[in-house]
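In what follows, a structure is listed as structure tokens, so that the remarks can point back to it.
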Amino acid sequence: MDATETRQWNSDSVAADLERAIHEHRLPPATKLGEDELGEAYGISRTVVRAALHALSHRRLVELRRNRGAFVAQPSVREAREVFEARALLEPRTARSAAERMTDAALAVLEANIADEHAALDARQDGRALFLSGRFHVEIARIADQSTIEAFVSELVSRSSLIIALYWRRRAALCETQAHHALLDAFRHRDGDAAEQLMNGHLLDLVTSLDLRNVAQPATSLREALNR
Ligand SMILES: [Zn+2]
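Residue numbers (the numbering used here): 621 to 848.
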């Protein structure tokens, strides 16, 4: 959060701000989200904090644990696979629709998004670059004019960011910008076949860059390890 801001926060804007911080890896998985601390940080009541945390738990970005409070979620290997399987079902077809509906204005939005991503990478703002590369995917669903799919993709992209934080192998390649450039080319030519294929390949690449072996997750506490 920008401390110099004097805006009025409500549960929606706090949830969006926290989601962005999670997406940008400023709040890594398992970070404790204390109600008092958040209330002070945003200048809001605990009721508003709780509403924001509940909204994020519905998006599976935050885990609410009874008597222990809220934590940034830690997707399991199984959840990680499910998230990418859902993306593989939704996004290639959505990319095809986006290509078929592409306008010059929408193309300009995608081009600006890629330019911002490059600027962030050059400035070594990896978190911001990760956020922007995710937003590229959400924009495609928006351009396809599929608001229900857009909401799903937005949640899946944010959860992907948590998965990347936990299971990433190749540090150098976030969402390969090459893949986004190739997609952009297909969109320029309004080529639905190419867009669908490229998105499919891009998501497969993303999955292979994750280390999704069934490694036992370290328990966060002894009591948890002992199930007591
Ligand atoms: Zn991508």
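Glycine residues also receive a C-beta, built at the ideal position from the N, C-alpha and C atoms. This one's a predicted model, so the numbers in the text were calculated from it and none came from an experiment.
* Applying the criterion that 16 or more other CB atoms from any shown protein chain within 10 Å of the CB defines a buried residue, is alanine 728 buried or exposed? -> A residue is called buried when at least 16 other Cβ atoms come within 10 angstroms of its Cβ; alanine 728 does not meet this threshold and is exposed.
* Give me the Cα-Cα distance between alanine 761 and aspartate 831, rounded to the nearest whole angstrom. => C-alpha separation (whole angstroms): 27 Å.
* Asked: Measuring CB to CB, does leucine 653 end up less than 7 Å from valine 703?
  -> Result no, Cβ atoms of leucine 653 and valine 703 do not sit closer than 7 Å.
* Between the Cα of alanine 641 and those of Ile664, Glu731, Ser781, Asp825, spot the shortest distance and give me the residue it belongs to. => Nearest C-alpha to alanine 641: Ser781.
* serine 753 Cβ short of 6 Å to ligand 1 heavy atom set -> Yes, the beta carbon of serine 753 sits closer than 6 Å to at least one heavy atom of ligand 1.
* Asked: Can you tell which of Val697, Ser696, Ser774, Gln766 has its C-alpha closest to the C-alpha of arginine 716?
  -> Measuring from the Cα of arginine 716, the nearest candidate turns out to be Gln766.
* **Classification of aspartate 709 by the beta-carbon crowding that lies within 10 angstroms, buried from 16 upward** => Looking at the sequence provided, one finds leucine at residue 709 rather than aspartate. It is exposed - the Cβ of leucine 709 has fewer than 16 other Cβ atoms within 10 Å.
* Excluding the five sequence neighbours on either side, which residues of its own chain have a C-beta within less than 8 Å of the C-beta of asparagine 733, listed in chain order? -> The answer, listed in chain order, is Leu752, Arg755, Phe756, Glu759.
* Does the Cβ of threonine 714 have 16 or more other Cβ atoms within 10 Å, making it buried, or fewer, making it exposed? -> The residue is buried, with at least 16 neighbouring Cβ atoms inside 10 Å.
* Residues in its own chain within less than 6 Å of asparagine 630 by CB, not counting five upstream and five downstream? -> Excluding positions up to five away in sequence, the list is empty.
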